[in-house]
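All remarks here apply to the structure that follows.
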Amino acid sequence: MERIATTLPVATERPAEARPAIRAVLSRLNDRILFALAAVALLVSLALPYWEMTLLAPQYPGGLKVAIYLGPRGLAGDVAEVNGLNHYIGMMKLEEAATFERAIAPFGIVALAAVAALAAAVRRRWTALLSVLVVLFPLIFLADLAYWLWYFGHHLDPTAALSSAIKPFTPPVLGTGRVGQFSVIARFGPGLYLAFAAALASALAIARRWQPSQRRVEVG
Amino acid sequence: MSEQLRPKPPYDRSRRVSRRRFLGVLGAAASLPAASALLGSCNALQRKETPKLGASAEEIIKQRQLTPEDVTAALMTYMPSGKYDEYLMFSSTGHGGQVLVHGLPSMRLLKVIAVFTPEPWQGYGYGGSPNRVLEGGSFRGRPLTWADTHHPALSETNGEYDGQFLFINDKANGRVAVIDLRDFETKQIVKNPLLVNEHGGCFVTPNTEYVLEADQYPVPLGGEYAPLNQYKEKYRGVLTFWKFDRQQGRIVPEESFAIETPPYWHDLADAGKGPSEGWAFWNSINTELAVPGILEGRPAMEMATTQRDMDYLHVVNWRKAEQVVAAGKYEEVQGFKLIRIETAVEEGLLYLIPEPKSPHGVDVTPRGDYIVVAGKLDPHVTVYSFEKIQQAIAAGQFDHDEYGIPILPFEQCLEAQVELGLGPLHTQFDDQGYAYTSLFLDSAVARWALGKPYREDGWKLVEKLPVHYNIGHLAAVEGDTAKPAGTFLVAHNKWSVDRFSLLGPLLPQNAQLIDIGPDRPMRLLYDSPIGIGEPHYAQIIKAERIKAWDVYPEVGWNPETQSVDPNAVLKVGEERIERRGKTVEIWGVLLRSQIRPDVVEVEEGDEVIWHLTNIERAKDATHGFALGGYNINLSLEPGETQTLRFVADMPGTFPFYCTEFCSALHLEMMGYFLVKPKR
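The listed protein sequences correspond, in order, to chains A and B.
Here the numbering used here is used: the first residue of the first sequence is 1, the next is one more, and so on.
Here the numbering used here is used: the first residue of the second sequence is 1, the next is one more, and so on.
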């Protein structure tokens with residue numbers, strides 16, 4: 001993810017003589033294979049967590065874990081225990097977050113995989129253009145996650161037992177935060193990394209398809 | 001040495017220092033300078049910021065006036081916070097009526113398992129299903145609230161502990177209890193309908209087909225009245241084989257049976273294994289058939305029962321007895337299958353072998369080839385060879401007792417007699433071919449060598465270690481199984497005299513940990529006061545064999561049936577109250593920090609059926625349910641469901657609340673039970 005975000009824009013700012021080098025690299029890539037890999041990565045990501053949260057506190061030596069899957073597993077881990085603890089500060093139940101997004105997510109990911117597969121199968125620019133959605137998808141996920149984390153931390157039930165002790169807060173999307181006696185460690189899950197990989201592969205494939213000469217890629 | 005001492009990361013329980021390595025290090029610590037050097041080097045590797053533990057350790061040793069032996073013992077037994085003991089010891093509490101679980105080598109008391117006596121912390125006997133367990137042990141319909149627990153027996157597979165169940169007997173009332181080691185709770189108490197008082201239990205057969213139990217003080221069958229002048233005719237001994245159903249986790253009285261014997265007192269027992277599998281052995285006392293009657297001019301029993309030089313070791317072929325029962329050659333007495341003496345003789349189920357009078361323990365050696373009888377009044381252990389017993393049976397040269405039971409010739413069955421000291425009571429074994437026998441009068445543990453095939457230098461006393469004081473039972477790690485582990489032994493001493501601070505005239509008992517590692521003399525390591533009963537027998541199991549639950553497997557778990565209860569509420573919000581005529585039924589939930597519903601209003605005289613489910617899944621999130629005035633207190637562990645049934649016969653206002661400090665808002669976890677008076 002970092003590579004795509006930094007190297008591509010930087011490359012455009014480089015002197016003109018650098019461009020043929022990028023073209024040379026791009027020209028060695030097979031856009032079909034890249035799109036196909038993106039489709040596969042998205043499908044595999046359904047079985048893996050996209051985001052994971054670990055809560056550490058003295059009385060939970062092993063920590064509590066919650067994982068978000070966009071596939072059929074949905075919310076996994078110590079959800080009931082986290083909900084039970086959250087009720088003291090008046091936080092909503094985890095199941096109540098992003099219900100719409102979570103309901104459509106499995107279909108959405110399958111659809112994105114289909115888009116990438118289409119771009120692999122039909123070597124046209126319009127199919128590649130559709131795959132921009134694959135590139136944007138992980139960013140949309142993170143934006144939505146950030147919104148819900150903010151929403152949860154700012155819609156605490158004022159009648160909760162510890163409501164007076166807790167100010168509105170936003171749990172971290174990535175990194176460490178603190179709520180009461182809990183350290184909250186948020187991590188991206190392998191599913192999200194696969195989605196980023198799919199985004200990177202799609203971005204490269206789109207760029208490749210926009211190259212004027214569609215030479216055959218030599219198979220080594 | 002520094003390699004061996006590299007410390008573990010603080011929370012890593014997966015790695016274990018191997019015992020040999022550990023002991024190797026300790027061996028080097030046998031002298032004071034070496035011990036302090038050891039601590040110093042240990043420290044150097046552990047934490048750089050702590051200065052010179054070597055010097056501070058020496059200071060502590062000096063201040064506390066510790067000997068090198070003390071320091072070694074401390075190093076062998078100290079269990080740092082968060083570390084687990086390697087072994088678990090299950091011991092009886094005598095007339096405390098419960099079972100204790102200690103960790104070894106730390107000797108920390110980990111748990112008291114409520115068995116025969118109500119125990120409020122575990123919610124045992126204060127409403128809920130444990131009441132039914134206790135009621136199952138009623139004596140002719142009368143509830144009993146105490147027992148004299150003597151001999152715990154862990155369930156076995158192929159002669160080794162399997163860590164699944166624990167059985168314990170009640171000498172005072174002739175009962176046996178079953179404890180499930182998945183949740184460490186008592187599941188069943190059975191009353192032996194044929195006898196009143198017992199001692200020769202619990203001992204299990206090598207695959208826990210049967211749990212052995214026998215009378216101590218004979219009564220007429222079923223405990224009916226008969227005058228003592230009919231002792232020989234009416235009073236009887238009973239050797240009981242309780243059938244155990246492992247799947248159900250219950251004793252099945254209908255499939256159990258007993259063998260009638262003359263009214264000899266039966267003392268301890270053991271089941272054969274290996275070549276002797278299918279056989280069982282009981283010691284006996286009072287083959288004189290004496291009865292008490294001091295006021296009538298008869299001698300006291302302590303004299304009357306010790307007039308003959310020999311009593312009888314009972315040798316029982318239970319495999320054959322099983323077939324005899326299957327063939328229908330039994331009588332139903334008090335609803336229990338009983339093989340009569342004549343049948344037992346005819347079918348060759350029961351033989352007697354003379355043994356030095358009034359012995360105590362009978363213990364089968366690990367391979368099942370010898371039977372060791374501890375003399376009590378005789379300074380020897382008498383060792384019988386199972387092979388020789390079989391030859392004697394085959395030879396058929398019997399005397400008979402006055403009831404017609406064949407008596408095998410003593411010399412033909414004898415393998416060895418080893419003189420150990422005064423008052424030998426019980427014997428355990430290690431993995432080096434040594435046996436350990438408690439010497440009550442000598443207040444010592446004797447280590448002695450078994451003969452071939454265990455050791456070449458066999459059948460002789462090796463050493464004695466003084467213990468404090470009046471040792472009764474002893475237990476070595478898995479020391480009565482087919483594969484003893486050696487390592488440690490615990491002496492259960494009846495008297496502690498001067499070992500602990502004075503706490504009034506009832507002194508705690510003293511369980512002493514002893515190192516029985518190979519190639520070195522026995523060493524006394526640690527005293528553990530037992531202030532909650534009188535341990536008799538104990539068994540020590542490798543902790544890894546026990547697969548206990550951390551929380552109940554599913555929400556709504558009924559520990560009585562070990563399955564989900566149909567009356568469990570599985571979700572918060574599904575609580576409800578239903579009234580049907582004079583019955584009020586409540587389906588409730590406990591979670592941090594609510595008891596739902598929190599108001600229950602009934603009318604005086606209503607029958608209340610209250611199902612309570614602890615819906616928690618977090619380890620240790622136990623809730624209590626206390627209803628003051630109605631003598632109700634439950635312990636609901638995570639996932640557990642229990643049902644209370646009682647009549648609201650006392651009008652008034654009764655707060656109910658959670659008795660376990662479960663959360664910061666635990667105090668607020670309450671509700672009201674309102675009983676409206678009758679108009």
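Each residue gets a CB set at the ideal place from its N, CA and C atoms; glycine is no exception.
The model shown is predicted, which means the values in this text are computed figures rather than measured ones.
With contacts defined by Cβ atoms closer than 8 Å, A/R208 and A/L26 form a contacting pair.
Taking 8 Å as the threshold, the shortest C-beta distance from A/E96 to chain B does not fall below it. Taking C-beta atoms as the reference points, B/R250 and B/V178 count as a pair closer than 8 Å.
Listed in chain order, the positions of the stretch 47-74 of chain A with a beta carbon within less than 9 Å of a beta carbon of chain B are Q59, Y60, P61, G62 and L64. A straight line joining the alpha-carbon of B/S496 with that of B/L665 spans about 44 Å. Residues of the stretch 587-607 of chain B with a C-beta less than 7 Å from any C-beta of chain A: L591 and R592, listed in chain order. The straight-line gap separating the alpha-carbon atoms of B/Y126 and A/P168 is approximately 45 Å.
Scanning B/I405, B/I532, B/T487 and B/F410 for the CA closest to the CA of B/E119 turns up B/I532. By the Cβ criterion, the stretch 356-366 of chain B is not in contact with the stretch 387-399 of chain B, since fewer than three pairs of Cβ atoms, one from each stretch, lie closer than 8 Å. For the stretch 617-628 of chain B, residues whose beta-carbon sits nearer than 9 Å to a beta-carbon of chain A comprise R617, A618, K619, D620 and A621. In the three-state DSSP reduction, A/V132 falls in the helix class (H, G or I). Within 10 angstroms of the beta-carbon of B/H400 lie fewer than 16 other beta-carbons, which makes it exposed. Taking A/A113 as the centre and dropping the five residues before and after it, the same chain places the C-beta of A39, L42 and L43 closer than 7 Å to its C-beta, in chain order.
Under the DSSP definition of a beta bridge, B/S92 partners with B/V99.
When DSSP states are grouped into helix, strand and coil, A/H154 belongs to the helix group. If you check each beta-carbon in the stretch 647-668 of chain B against every beta-carbon of chain A, the ones closer than 7 Å belong to L665. Taking a contact to require three or more Cβ pairs closer than 8 Å, the stretch 124-142 of chain A and the stretch 193-206 of chain A qualify as touching. By the rule that beta-carbons nearer than 8 Å mark a contact, A/A205 does not touch chain B. DSSP places B/I541 inside the beta strand (DSSP E), whose first and last residues are A538 to K542. With fewer than 16 other CB atoms across the displayed protein chains lying within 10 angstroms of its CB, B/P143 is exposed. None of the residues of the stretch 168-191 of chain A has a beta carbon lying less than 7 Å from any beta carbon of chain B. With a cutoff of 8 Å on beta-carbon distance, B/P354 and B/Y403 are scored as not near each other.
B/W448 is positioned such that its CB atom lies closer than 8 Å to that of B/V462. Take B/N631, set aside five residues on each side of it, and the residues of its chain with a beta-carbon closer than 7 Å to its own are Y126, in chain order. Considered as a whole, the stretch 221-259 of chain B harbours 235-245 as its complete beta strand (DSSP E) runs of no fewer than 3 residues, in chain order. At the C-beta level, B/D215 and B/V238 come within 8 Å of one another.
Counting along the chain, B/D162 sits inside the beta strand (DSSP E) bounded by residues E160 to D170.
Of all residues in the stretch 83-108 of chain A, those with a C-beta nearer than 9 Å to a C-beta of chain B are G84, L85, H87 and Y88, reading in chain order.
Within the stretch 26-81 of chain A, the complete beta strand (DSSP E) segments at least 3 residues long are 49-57, 60-69 and 75-77, listed from N- to C-terminus.
Just measuring C-alpha positions, the residue of B/S155, B/T117, B/R580 and B/G433 sitting nearest B/Q539 is B/S155. Three or more pairs of CB atoms, one per stretch, sit closer than 8 Å, so the stretch 426-441 of chain B contacts the stretch 469-478 of chain B.
Considering only B/Q63, B/M107 and B/V381, the residue with the shortest C-alpha distance to B/S438 is B/V381. The straight-line gap separating the alpha-carbon atoms of B/D565 and B/R592 is approximately 21 Å. With a contact defined as Cβ atoms closer than 8 Å, A/P106 and A/L70 qualify at about 6 Å. In the three-state scheme derived from DSSP, where H, G and I count as helix and E and B as strand, B/T72 is classed as helix. Contact annotation: the stretch 269-289 of chain B does not touch the stretch 338-346 of chain B, with fewer than three C-beta pairs closer than 8 Å.
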